[in-house]
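Notes follow the structure.
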């Protein structure tokens with residue numbers, strides 16, 4: 003823990019490796035250039051009305067297709083059009099578009115991303131992230147290695163961001179939220195494209211081609227490469243933390259009567275600062291059979307392998323996962339979904355750099371689950387959804403994850419909803435098996451799951467034909483959170499379930515379209531925390547476990563179609579001070595000007611963080627790096 007507290011961002015290889023060795027967390031973003039969407043798709047999205055945007059079909063809240071306007075949860079959807087017009091070149095930067103997420107950049111190779119608090123390098127472990135149904139959180143520490151989750155942004159259909167627990171359907175780690183990234187069917191990405199982005203900070207290029215597979219099948223293949231520029235030290239000098247990477251992949255889709263098949267995979271290799279390398283790949287297959295208008299069976303399996311190599315540190319992980327789900331109506335009033343899954347992970351963590359090691363250095367973890375949920379139509383405008391998941395972990399045994407949600411459609415354009423849910427974060431390998439002779443004792447079976455009981459109420463509606471609004475209030479009651487204590491046996495530090503308390507707040511966002519060619523979007527996120535130690539807990543590195551969260555964050559975006567060919571996008575966000583460690587608040591301005599030269603060629607110029615030369619988003623003043631201003635020129639060509 004002392005090595006963790008002294009981590010630095012001064013370019014020192016040893017300091018960087020100490021941080022990696024203790025927590026093995028380097029959540030970093032990708033830098034890719036999405037290609038221009040098909041002209042018809044872009045034009046359709048640009049012309050969607052407020053009502054049509056409010057009724058975009060989503061699947062994350064109930065694991066079945068439903069209009070966004072009917073979903074009884076705090077959910078925000080980032081569309082493919084939002085991604086294109088943001089000018090963002092990495093997945094973490096895209097996630098800044100969601101007003102119900104906290105995103106903080108730590109250095110060129112690290113982001114902290116969370117919902118409803120606990121956002122820091124160490125504490126962002128209560129957010130489940132899925133890519134086409136593939137869970138990408140690591141059982142090593144419960145967080146996400148963002149540098150390993152590279153996606154061609156143009157291939158993303160939408161990102162559904164749920165703030166609030168999703169354990170009943172999605173299981174452990176879906177405590178404070180779920181990010182569900184859904185890519186396009188290969189039928190929607192036919193033909194070719196090439197794209198690039200050149201800037202003072204980042205450079206990237208990508209290409210994709212899609213074609214036919216017989217009469218009923220389609221495919222796409224892609225490749226991308228990028229270079230991520232340095233962040234800067236507080237005095238303006240370079241932090242020398244630039245990195246680069248490359249990735250390639252494919253997706254194939256077939257239709258055969260009532261059956262649909264998908265096969266997709268990716269391979270990647272990244273070179274980070276200080277001689278760190280990570281590489282790996284994944285392969286996923288999915289079969290879906292339509293059994294009727296509202297009934298379907300789906301089976302999915304995937305294999306994922308990731309290797310991270312640094313000076314004196316080796317971290318390897320293999321994941322095997324299979325799951326199935328069946329949804330069907332029962333009479334006129336019940337919509338039932340049930341299913342189960344099994345996941346096996348095999349990991350190896352070897353640290354020859356310092357005393358912090360995992361004991362054992364290699365382990366196998368199994369997770370199995372069964373779930374059922376019933377949406378009951380109590381009347382034409384009132385729905386009650388009840389569900390539970392029974393999940394078994396090799397670490398903690400059985401966990402019960404129930405939830406109840408009620409949705410009241412008070413008018414054709416307004417929904418009131420309320421929910422109460424239980425969710426858990428099962429222990430990670432770091433929680434139970436991290437040890438250091440004379441400093442940190444291994445917690446082993448004494449460390450149990452972190453628990454949450456969440457209470458939520460919300461409104462979603464369209465006050466007028468030109469406006470949409472979503473407001474959610476939440477109260478989260480946590481127990482058995484991770485913090486340090488003194489071992490009663492050895493007197494050494496040990497991880498224990500000795501932190502508890504509450505968080506509460508408000509999330510709100512909406513759109514206003516004063517003209518057909520102009521849309522304004524605003525968001526506000528207010529958060530209060532009241533967390534405290536139980537008897538036996540000690541105030542040592544406590545900030546690493548409670549997170550470093552702003553009390554408010556505000557956003558405003560303007561999207562203007564100045565003509566059929568010219569579009570102007572401006573984004574403004576204001577983030578409050580962070581308390582521990584102290585990080586000053588900041589206001590950031592992003593802008594993009596796009597020109598559709600032809601139906602197949604788009605040029606753009608833009609910039610990020612235009613109001614100041616640099617600003618910090620996380621870390622101690624003596625050791626942190628800061629985010630510099632950047633500008634870029636981009637091009638997308640479809641052929």
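Numbering (this note's numbering), first residue to last: 3 to 641.
All residues carry an ideal CB built from backbone N, CA and C; glycine is no exception.
Span separating the alpha-carbon of residue i from that of residue j
{"i": "residue 496", "j": "residue 539", "result": "10 angstroms"}
{"i": "residue 307", "j": "residue 383", "result": "46 angstroms"}
{"i": "residue 353", "j": "residue 359", "result": "6 angstroms"}
{"i": "residue 40", "j": "residue 600", "result": "With a pLDDT of only 36 at residue 40, under 50, the local geometry of the prediction cannot be trusted, and the value read off the model is given with reservation. If I take the Cα positions, the gap works out to 12 angstroms."}
{"i": "residue 328", "j": "residue 597", "result": "46 angstroms"}
{"i": "residue 641", "j": "residue 208", "result": "14 angstroms"}
{"i": "residue 304", "j": "residue 455", "result": "31 angstroms"}
{"i": "residue 180", "j": "residue 168", "result": "7 angstroms"}
{"i": "residue 488", "j": "residue 548", "result": "18 angstroms"}
{"i": "residue 288", "j": "residue 170", "result": "22 angstroms"}
{"i": "residue 627", "j": "residue 114", "result": "14 angstroms"}
{"i": "residue 264", "j": "residue 504", "result": "42 angstroms"}
{"i": "residue 609", "j": "residue 590", "result": "11 angstroms"}
{"i": "residue 405", "j": "residue 76", "result": "15 angstroms"}
{"i": "residue 316", "j": "residue 450", "result": "27 angstroms"}
{"i": "residue 468", "j": "residue 544", "result": "46 angstroms"}
{"i": "residue 197", "j": "residue 364", "result": "42 angstroms"}
{"i": "residue 318", "j": "residue 271", "result": "14 angstroms"}
{"i": "residue 86", "j": "residue 555", "result": "23 angstroms"}
{"i": "residue 79", "j": "residue 277", "result": "37 angstroms"}
{"i": "residue 422", "j": "residue 228", "result": "43 angstroms"}
{"i": "residue 150", "j": "residue 618", "result": "24 angstroms"}
{"i": "residue 341", "j": "residue 173", "result": "12 angstroms"}
{"i": "residue 512", "j": "residue 525", "result": "7 angstroms"}
{"i": "residue 561", "j": "residue 55", "result": "14 angstroms"}
Beta-carbon proximity check, residue i vs residue j, cutoff 8 angstroms
{"i": "residue 2", "j": "residue 553", "result": "Outside the modelled stretch of the chain, which goes from 3 to 641, sits residue 2, for which no answer is possible."}
{"i": "residue 546", "j": "residue 122", "result": "yes"}
{"i": "residue 232", "j": "residue 244", "result": "yes"}
{"i": "residue 480", "j": "residue 453", "result": "yes"}
{"i": "residue 531", "j": "residue 502", "result": "no"}
{"i": "residue 594", "j": "residue 563", "result": "no"}
{"i": "residue 632", "j": "residue 204", "result": "yes"}
{"i": "residue 463", "j": "residue 475", "result": "no"}
{"i": "residue 286", "j": "residue 136", "result": "yes"}
{"i": "residue 630", "j": "residue 234", "result": "yes"}
Local Cβ density within 10 Å of residue i, reported as buried at 16 or more and exposed below that
{"i": "residue 238", "result": "exposed"}
{"i": "residue 279", "result": "exposed"}
{"i": "residue 391", "result": "buried"}
{"i": "residue 366", "result": "exposed"}
{"i": "residue 26", "result": "Note that residue 26 has pLDDT 30, beneath the 50 cutoff, so the model's placement of it is unreliable and the number below is only indicative. Classification of residue 26: buried, given that the 10 Å Cβ count is 16 or more."}
{"i": "residue 517", "result": "exposed"}
{"i": "residue 94", "result": "buried"}
{"i": "residue 33", "result": "Per-residue confidence for residue 33 stands at a pLDDT of 26, beneath the threshold of 50, marking its modelled position as unreliable; the derived number appears in the next sentence. By the neighbour-count rule (16 or more Cβ atoms within 10 Å), residue 33 is buried."}
{"i": "residue 214", "result": "exposed"}
{"i": "residue 302", "result": "buried"}
{"i": "residue 634", "result": "buried"}
{"i": "residue 426", "result": "buried"}
{"i": "residue 499", "result": "buried"}
{"i": "residue 336", "result": "exposed"}
{"i": "residue 224", "result": "buried"}
Option nearest residue i by Cα separation, candidates the options
{"i": "residue 106", "options": "637, 634, 621", "result": "621"}
{"i": "residue 351", "options": "362, 180, 562", "result": "362"}
{"i": "residue 345", "options": "580, 80, 140", "result": "140"}
{"i": "residue 400", "options": "95, 580, 369, 386", "result": "369"}
{"i": "residue 53", "options": "524, 422, 414", "result": "414"}
{"i": "residue 614", "options": "574, 639, 603", "result": "574"}
{"i": "residue 334", "options": "192, 379, 291, 603", "result": "379"}
{"i": "residue 583", "options": "625, 567, 465", "result": "625"}
{"i": "residue 252", "options": "275, 226, 517", "result": "226"}
{"i": "residue 639", "options": "355, 55, 199", "result": "199"}
{"i": "residue 146", "options": "155, 311, 175, 156", "result": "175"}
{"i": "residue 484", "options": "342, 210, 434, 603", "result": "434"}
{"i": "residue 604", "options": "77, 520, 79, 636", "result": "636"}
{"i": "residue 193", "options": "155, 177, 212, 182", "result": "212"}
{"i": "residue 267", "options": "579, 355, 250", "result": "250"}
{"i": "residue 184", "options": "494, 101, 375, 133", "result": "133"}
{"i": "residue 623", "options": "236, 99, 182", "result": "236"}
Legend entry - Stretch-stretch touch, CB-based, cutoff 8 angstroms, three pairs: the stretch 181–197 with the stretch 220–234: yes
Inset, instruction - Take every Cβ of the stretch 58–69, pair it with every Cβ of the stretch 151–167, and state whether three or more of those distances are shorter than 8 angstroms. - result: yes
Legend entry - the stretch 278–298 / the stretch 311–331 touching (three or more Cβ pairs under 8 angstroms): yes
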